[in-house]
Each structure stands twice: as structure tokens, then as C-alpha cells.
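Notes follow the structure.
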Amino acid sequence: MEDNNVIIEVRNAKKIYKMGQERIKAVDGISFTVKKGEFCCLLGTSGSGKSTLLNLMAGIEKLTDGDVFIKGQSIRKMSENKLSRFRQDNLGFVFQSYNLLGSMTALENVELPLVFKKVPAAKRRRMARGILKKVGLSERMNHKPKEMSGGQQQRVGIARAFVARPEVVFADEPTGNLDSKTTIEVMDLIKAMAAKNSQTIVMVTHDVSLAAYADKIIRIKDGHIESIEENCRKDLTEQKGDQSDEDI
Ligand code: ADP
Ligand code: MG
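Letter 184 of the sequence shown, counting from 1, is numbered 184 in the working numbering, and no numbers are missing.
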């Protein structure tokens, strides 16, 4: 891509699952781009192929055909080692079911990506404490997941996704297990965290109302793109200037 504002390019991505004799075309030739700092929403009903597409983009699932480029680098061509290193250095993840380690405290969960990145212990503790404070969990740092509400657990999940300052954060139905009030809090938090450092978000949801948070809405149906809508397109540098000084 010539446009150097593009951070992700999905090029004719396909994923076919073979189930016995049956071939399920979960993602059937999808192409689009995401710009740096954009909040991109993959919107569609259950079974439309959203999660498969997200997993292809993040290198979690292998493409059957096509390719995905992040920062100009082909996900498909990377070795397993290169890919896992690339993910550690560039990508963060937020999951519907939080995926926190039950035996670890909030602080330890948030430190984990920094452990993988070999950040020294004192520094990673400082970073994890700092971000947990920012997501409003100063009082819960030593709690284990089962000692926290769903909304609190997802705040830990968000802190973990953002602590290493990845350029891209992927989120699969991040509010899928939360009530409507907590959903708004969590969505506002994701949006604010990303805007602060011009991070790019790719979020999967079936919830039309959450698409209001997005700069770009890609509607997925039966493994295809139904439409791409670029609402409220904005100058990302201007947007950054609009941020308050609040240290999120
Ligand atoms: P969504 O996230 O939009 O609900 P998915 O990406 O999970 O949809 O699934 C898309 C389609 O691919 C569905 O028909 C689903 O049953 C099928 N599918 C997903 N994962 C697998 C798998 N591991 N093996 C076989 N079929 C799968
Ligand atoms: Mg899904």
C-alpha cells in the first residue's frame, strides 16, 4: 500500500474449515485497510465470520489464502518465532471472557506481557501499577479475577492489553459478558486509552449500538464484506489535540 497512514491491510483473506466432507467458508475473500489510529469495528450477526477474520488479522489462525499486512509486514510469511515476537512487540488483545489467569492477581496478570518482553521486574511492576491506576483499579491490584466483578476483570484485561503500548489492539466482543452500564464504561475506557497514544483498534461486535464508537464500520455477512462505512472521519492529529490533559 502506498498510503503510509495504513497500518493494516487485509488482502483477499480466506479461511476455509474442513469438517469431514464439508467445507465451511468462514472468511471468503475479504479485503480492506485500517489506518493508524483508527477505531475499526467488524460488525455482524453470530456466525458471520467476525472472530475468524480477527484471528486471521492477529495471526492467531492461519490463512487458507490471501494475506494480512501489519506495518507493511506479511503475517503469512512470518515464521512462528517471528510472529510471536511481532505480536509481543506490536499487538494487544482484549477477550470477551477476559482470559485472565485465575491463580494470579490483577497486578501479575497485567505484568505478564512485560514478562514476555523481558522488561526488568521493578520497571514492569511500576508500569502495571500505573496502568491499573488509570483504569480505576488502585484498590484491586492484589485481587484475583474471581474476587472482582466482570467489569473490573475487563478493566484488568484492558490494562493488560495496553500496558506494553502496542500499536494495534484487537478486541473480540469485549463487552459481550457485561451489563449495559458497564459496557459503556468499558467502551469509553478502550476508546480513551487508544486515543491517548493514537493506537489502532479493531473490535468485533454483533451490537449495532457499539458501532457508534468506531471511525470505520465494516459489516460482515456470511464471510463477506457487506459494506464499509467511514463515519465521522477525522484528522487524527486534530483528535489528539482535542484530548484533555487527563492522564489516561
Ligand atoms: P462470528 O464470530 O461472527 O460469530 P465465527 O468466525 O466464529 O463467527 O464463525 C464463522 C463460521 O465458521 C461459523 O459458521 C462457524 O461455525 C465456523 N467456524 C468457526 N470456527 C470453526 C472451527 N474451528 N472449525 C470449523 N468451523 C468453524
Ligand atoms: Mg465471534
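Just so you know, even glycine gets a beta-carbon here, dropped at the ideal spot from N, CA and C. In this text, all values refer to a predicted model and were calculated from it rather than measured experimentally.
Residue 26 CB to nearest heavy atom of the ligand ADP below 7 Å | Your numbering for residue 26 matches position 26 in the sequence shown. It does: the Cβ of residue 26 is within 7 Å (strictly closer) of some heavy atom of the ligand ADP.
Inspect the beta-carbon positions of residue 109 and residue 160 and report whether they are closer than 8 Å.
-> Here residue 109 corresponds to residue number 109 of the sequence shown, with the count starting at 1. Here residue 160 corresponds to residue number 160 of the sequence shown, with the count starting at 1. Their beta carbons are under 8 Å apart, which means residue 109 touches residue 160 by this criterion.
Endpoints, alpha helix (DSSP H) assigned at residue 214 | Counting from one through the sequence shown, the residue named residue 214 turns up at place 214. Residue 214 -> no alpha helix (DSSP H), and no H or E assigned at all.
Buried or exposed: where does residue 17 fall if 16 or more other Cβ atoms within 10 Å of its Cβ makes it buried?
-> Start at 1 with the first residue of the sequence shown, and residue 17 comes out as number 17. Exposed: under 16 other Cβ atoms inside 10 Å.
Residue 91 vs residue 166 beta-carbon contact at 8 Å = Position 91 of the sequence shown, counted from the first residue, corresponds to residue 91. Position 166 of the sequence shown, counted from the first residue, corresponds to residue 166. Cβ atoms of residue 91 and residue 166: closer than 8 Å.
Tell me whether residue 238 is buried or exposed, calling it buried when 16 or more other Cβ atoms sit within 10 Å of its Cβ.
-> As a position in the sequence shown, residue 238 is number 238, starting the count at 1. Because the pLDDT at residue 238 is just 46, under 50, the model does not fix this residue reliably, and the point stays unresolved.
Return the CA-CA distance between residue 25 and residue 227, expressed in angstroms with no decimal places.
-> As a first step, residue 25 must be located in the sequence shown, where it is residue number 25. As a first step, residue 227 must be located in the sequence shown, where it is residue number 227. Approximately 19 Å, taken between the alpha carbons.
Is it right to say residue 1 is buried, meaning 16 or more other beta carbons lie within 10 angstroms of its own, or is it exposed?
-> Your numbering for residue 1 matches position 1 in the sequence shown. Here residue 1 scores only 47 on pLDDT, less than 50, and its place in the model should not be relied on; the value that follows carries that caveat. When all chains shown are included, residue 1 counts as exposed.
Report the residue from 230, 180, 64 whose alpha carbon sits nearest the alpha carbon of residue 23.
-> Taking the sequence shown and counting its residues from 1, the one referred to as residue 23 is at position 23. Out of 230, 180, 64, 64 has the C-alpha closest to the C-alpha of residue 23.
In three-state DSSP terms, what is residue 134?
-> As a working mapping, residue 134 is identified with position 134 in the sequence shown. Three-state result, residue 134: helix.
How is residue 78 classed by DSSP in three states: helix, strand or coil?
-> Within the sequence shown, residue 78 is the residue found at index 78, counting from 1. Coil, per DSSP.
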